[in-house]
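A.B. asks:
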Amino acid sequence: MIYILCMNIATVVVFLLLFVNSLQASELNASIDGLEREWALAYYQADEAKQKLAYPVLLDKAADLVKRYPDSAEPKIWLATLMSTNAAFDSPFGALSALEKAKMLLEEAIAINPKALDGMAYVTLGTLYYMVPGWPVSFGDNEIAERLLKTSLEINPNGIDANYFYADFLVRQDRAAEAVGFFGRAAQAPVRKHQTFADTQLQNEAKVALVQTQQRKSNAGKNRFQSLFTTASIEAD
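The opening residue of the sequence shown carries number 8 in the numbering used here; numbering runs sequentially from there.
#1: If you run the structure through DSSP and keep just helix, strand and coil, what is residue 191?
#2: Quick one: Cα of residue 191 to Cα of residue 92, how far?
#3: Does the Cβ-Cβ distance between residue 158 and residue 137 come in under 9 Å?
#4: My output table needs one value for residue 141: the three-state DSSP class, helix, strand or coil.
#5: Going by alpha carbons, who is nearest to residue 181 out of 210, 198, 223?
#6: What does a CB cutoff of less than 6 Å around residue 89 pick up in its chain, not counting 5 residues either side in sequence?
#7: So, for residue 39: in the same chain, excluding its five sequence neighbours on each side, which residues have a beta-carbon less than 8 Å away from its beta-carbon?
#8: Which value, in whole angstroms, describes the spacing of the CA atoms of residue 193 and residue 110?
#9: In three-state terms, what does DSSP make of residue 147?
#10: Going by Cα to Cα distance, which pick from 142, 151, 178, 126 is closest to residue 161?
#11: Okay, do the stretch 207-218 and the stretch 163-180 touch, 3+ Cβ pairs below 8 Å being the bar?
#12: Output needed for residue 209: all residues of its chain with C-beta closer than 8 Å, excluding positions within five of it in sequence on either side, in chain order.
#13: Given this structure, state the Cα-to-Cα distance separating residue 56 from residue 47, to the nearest angstrom.
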């Protein structure tokens with residue numbers, strides 16, 4: 008009888024723990040979705056003054072989520088993303104310091120759950136690596152950037168972010184021919200129902216970038232073709 012009673016209590020405790028964990032996960036997901044929507048509204052508006060006012064509020068919300076969910080990767084990813092975005096309004100020294108902290112947060116998030124938010128930590132960290140200056144100023148490194156961005160594509164091959172930022176990296180490396188396909192995938196990627204605005208905005212950017220990259224690729228080919236005649240003309244003279 009005592010054994011049966013203990014088993015029943017243990018079962019109740021297990022179900023209560025599962026319920027609490029499920030409730031916390033639901034609350035966290037809702038908070039992350041809301042944070043992403045608010046960030047997108049701030050980021051994709053033209054008024055920089057409003058952006059400058061919005062980011063500190065969002066940073067506080069993200070920092071609070073990190074405190075409430077210290078073992079979850081998602082809040083760390085979004086705090087790092089907001090730090091990176093807000094760095095544009097900081098002093099050069101302050102910006103570099105913020106980006107270093109963002110890097111650490113993203114590395115922590117990857118250690119917790121590398122597939123969180125469809126590999127977003129890899130996208131953001133990879134983007135930082137090719138955007139920031141290299142040593143001795145900061146941690147920029149194109150080889151590491153490419154490795155991280157390719158990892159994000161392995162996790163989420165059809166993601167808008169993963170394809171767009173890898174394509175952007177390739178363009179910056181004068182690899183326009185390779186970038187075309189990834190911009191094309193980003194332009195055709197499925198839009199998430201709970202983040203329609205953010206995904207649609209980035210998709211539109213991908214479509215513009217695709218056209219520009221195709222033109223750049225075409226012009227590069229023409230320039231190489233024209234250089235043959237220029238060289239031949241010089242040699243003939």
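By construction, the Cβ of each residue, glycine as well, lies at the ideal position given by its N, Cα and C atoms.
For clarity, every value in this text was computed on a predicted model and none was experimentally measured.
C.D. replies: According to the data block:
#1: helix
#2: 25 Å
#3: no
#4: strand
#5: 223
#6: 65, 66, 69
#7: 72, 81, 82, 85, 124
#8: One alpha carbon belongs to residue 193, the other to residue 110, and they sit about 25 Å apart.
#9: strand
#10: Closest in C-alpha terms to residue 161, from the list 142, 151, 178, 126, comes 126.
#11: yes
#12: 167, 168, 171, 193
#13: Taking the straight line joining both Cα atoms gives about 15 Å.
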